[in-house]
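Heads up, the thing below is written out as structure tokens.
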Amino acid sequence: MQNPASNFHIGAKAPELNPEWLKPEDPFQGYFEVNTPAPETEELVRSRSASRWLRDIQMMMDHKAYLFQQTLSSKSGPSVFANNRDMYMLSSYDYLGLIGNQYIENATINAVRQYGTGTGGARMLAGTCLIHRQLETAIANFKNKEAAIVFPSGYVANLAAISTLIQKSDRIIIDELIHRSLIDALHMAQLDFEKCRHNDMAHLESLLEKPSTAKRTILIYEGIYSMEGDLCPLPEIVALKNKYGAILFMDDSHSLGVLGENGRGIDEHFGIPAHEIDVFTSSLSKALPGGGGFIATSKQAVIFMQHAAAPFVFSSAMSPANAAACLASFEVLEKEGPERIAKVFENAHYLIKHLNRLGYDTGTTESPIIPVIIGDREKTIKLSAKLYELGFLANPVIFPAVPPGGDRLRLCATAAQSKLMLDEVIFAFDIARSCLL
Ligand SMILES: Cc1ncc(COP(=O)(O)O)c(C=O)c1O
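For what it's worth, the numbering used here labels the leading residue of the sequence shown as -12, then goes sequentially.
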């Protein structure tokens, strides 16, 4: 659909704004009738979870406030085209503002011409291209690890790392807020684990002190936590890991490209040598504008995963386009990283400062992930709907993605946001406060 505003020029009559465009789009195309009871669950999906979702979706549709799955008809970035109008995007992970980067786009187009759109196989069999190998070398160098292995997503990389490198005979301790992909991986691999209170090092030590017959102890942490925006206390974790002879897995998804002077991640931020972290995993779709995930670790562990990690052996390879986008992104990061990182933090601090001034609770964030914690599901949805009406896309995150009472909007600062845009965001949050009363 064409942007009606794009043909507008001075002197011309302003295009009519359809009031429907001020409300979120209905991605279900009328499946939910407004102000009727939620649909009965079908045999196929009958479960408490399905009933709850249908009820919740019905409630949001009744209020014209279903804000998930909103469709963009443009690239993501600070401003997007959605539902027939230009809107500001406040929840894109594009921390470094690299979506739409010309160099990365050109490298990707060239790779499609060279390698095609699909690989025709799993990595283990017919699906390995030169560009995968080049990307793996670039990642290993960037992360200062012996080797790396890439997958079509960060979720799958976590699945591969945990199911291949961790055994039932291991004792596993995780931070209670680690990402769902890590939890799913532990469940799928039928591994038991103990939860440590979030970033609580005294609790971690008390768990490590307990006698155990396990052959190895595995710790699983995250660089930047995706819901809170806070960092793990890596120096303390490493000290405890060494004291108790544990092995450390670190999901670097939100810290890659963002933390440390050069964006190498949580280890660079704290000045901890990369060898102290046994296994790094990461998405390639947060600060880097690609799709994929990786594991960076020892050479021998990578060789083992090339033969034993189910997603490498039984699932199709990362597409050449994604591999090229990621490879080119690392090149851009090497050249422009420090400047872009400084900008994203400047924007994050500005937003946090002014949201706090308006009375919004941004929790414990120390990064470009900015939670706006409302603590009430309906108010969170209303706030998101009001911002939508004002022209801002801000994703609500509600139970069960966060514990009850943790309902929030999740904003992301990016290096591409201008000061003018941020001032408009702050003004919109000021106006939207009325819906929280
Ligand atoms: C901490 C963390 N790990 C892993 C993932 C999964 O990455 P991907 O989106 O590439 O599957 C995410 C995605 O949101 C994440 O936040």
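Ideal placement from N, C-alpha and C gives every residue a C-beta, glycine not left out. Quick caveat: nothing in here was measured; it's all calculated off a predicted structure.
Residue i, buried or exposed, once every other Cβ within 10 Å from all chains shown has been counted against 16
i, result
"CYS105", "Residue identity differs from the one stated: residue 105 is Gly in this sequence, not Cys. Exposed."
"SER168", "buried"
"PHE426", "The first residue shown for the chain is -12 and the last is 424, placing residue 426 beyond what the model contains."
"PRO14", "exposed"
"MET(-12)", "The predicted model places MET(-12) with a pLDDT of 41, which falls under 50 and marks its position as unreliable; any figure quoted below should be read in that light. Exposed is the call here."
"PRO139", "buried"
"LEU275", "buried"
"ARG395", "buried"
"VAL99", "exposed"
"PHE414", "exposed"
"ASN128", "exposed"
"VAL412", "buried"
"PRO24", "exposed"
"ASN309", "buried"
"GLY108", "exposed"
"THR200", "exposed"
"HIS241", "buried"
"ASN70", "buried"
"LEU77", "buried"
"ASN(-6)", "Per-residue confidence for ASN(-6) stands at a pLDDT of 49, beneath the threshold of 50, marking its modelled position as unreliable; no derived number is given."
"ILE339", "buried"
Straight-line gap, residue i to residue j (C-alpha atoms, nearest Å)
i, j, result
"TYR18", "ASN88", "38 Å"
"PHE68", "ASP162", "38 Å"
"ALA403", "TYR212", "22 Å"
"GLY244", "SER79", "15 Å"
"ALA(-8)", "PRO6", "Model confidence at ALA(-8) stands at a pLDDT of 46, short of 50, so the residue's coordinates are unreliable; what they give is reported in the following sentence. Taking the straight line from one Cα to the other gives about 15 Å."
"ALA52", "GLY393", "19 Å"
"GLY280", "ILE44", "31 Å"
"GLN101", "THR95", "10 Å"
"ILE253", "LEU424", "39 Å"
"HIS166", "PRO222", "21 Å"
"ALA144", "SER269", "7 Å"
"PRO325", "GLU333", "12 Å"
"ASP410", "TYR75", "12 Å"
"GLN177", "ALA134", "27 Å"
"VAL137", "ASP81", "20 Å"
"LEU85", "ASN22", "42 Å"
"ASN131", "GLU123", "12 Å"
"ARG327", "LEU83", "6 Å"
"ARG267", "LEU146", "Note that residue 267 is Phe in the sequence shown, not Arg. Straight-line Cα distance between these residues: approximately 13 Å."
"ASN(-10)", "ASP73", "Summary for ASN(-10): the model assigns pLDDT 47, below 50, so the residue's position carries little reliability; its value from the coordinates is reported in the next sentence. ASN(-10) and ASP73: Cα-Cα distance of roughly 8 Å."
"PHE257", "ALA335", "20 Å"
"ILE356", "LEU164", "15 Å"
"ARG110", "MET292", "11 Å"
"VAL359", "ALA381", "10 Å"
"ASP239", "ASP265", "12 Å"
"ASN97", "ILE91", "10 Å"
"VAL300", "ARG120", "16 Å"
"PRO11", "ALA148", "38 Å"
"GLN57", "SER63", "12 Å"
"GLU263", "ASP363", "40 Å"
"ALA288", "PRO298", "15 Å"
"ILE361", "SER316", "35 Å"
"GLY103", "PRO260", "39 Å"
"LYS197", "GLY278", "41 Å"
"ALA311", "LEU112", "20 Å"
"LYS273", "PRO26", "36 Å"
Spatial neighbours of residue i in its chain, beta-carbon cut-off 7 Å, leaving aside the 5 residues before and after
i, result
"THR28", "ALA37, SER38, LEU41"
"LEU407", "none"
"PHE416", "LEU342, LEU345, TYR347"
"GLU318", "none"
"LYS465", "Here the chain covers residues -12 to 424 and nothing more, so residue 465 does not appear."
Close-in-space but distant-in-sequence residues of the same chain around residue i (CB under 6 Å, 5 per side omitted)
i, result
"ALA233", "THR204, LEU206"
"GLU353", "ASP217, LEU218"
"GLU376", "LEU9"
"ALA419", "LEU370, LYS373, LEU374"
"ALA295", "THR151"
Contacting residues, own chain, Cβ-Cβ under 8 Å from residue i (five flanking each side not counted)
i, result
"ILE224", "MET188, LEU191, LEU206, TYR208, LEU235"
"LEU195", "ILE160, THR204, LEU227, LYS230, TYR231, ALA233"
"GLU255", "LEU246, GLY247, GLU248, ASN249"
"GLU181", "ARG158, ILE159, ILE160, ILE161, LEU194"
"MET48", "ASP13, PHE15, PHE19, VAL21"
"CYS471", "Residue 471 is absent from the structure shown; the chain starts at -12 and stops at 424."
* Specify whether the region 114 to 123 and the region 303 to 318 touch according to this definition: at least 3 beta carbon pairs, one from each stretch, less than 8 Å apart. => yes
* Are the region 153 to 160 and the region 171 to 180 touching, with three or more C-beta to C-beta distances below 8 Å? -> yes
* Asked: Which runs of the beta strand (DSSP E), 3 residues or longer, sit entirely within the region 277 to 351?
  -> 280 to 284
* **Segment contact, 8 Å Cβ cut-off, at least three pairs: the region 361 to 369 with the region 378 to 397** => yes
* Along the chain, which unbroken stretches of the alpha helix (DSSP H) at least 4 residues long are found entirely within the region 347 to 408? -> 364 to 377
* **In chain order, each alpha helix (DSSP H) run of at least 4 residues that lies wholly inside the region 28 to 53** => 35 to 49
* To do: At 3 residues or longer, and completely inside the region 171 to 245: list those beta strand (DSSP E) runs for me, N to C.
  => 181 to 183, 204 to 209, 234 to 238
* Could I get the ranges of all uninterrupted alpha helix (DSSP H) runs contained in the region 99 to 135, with 4 residues as the minimum, in chain order? => 117 to 129
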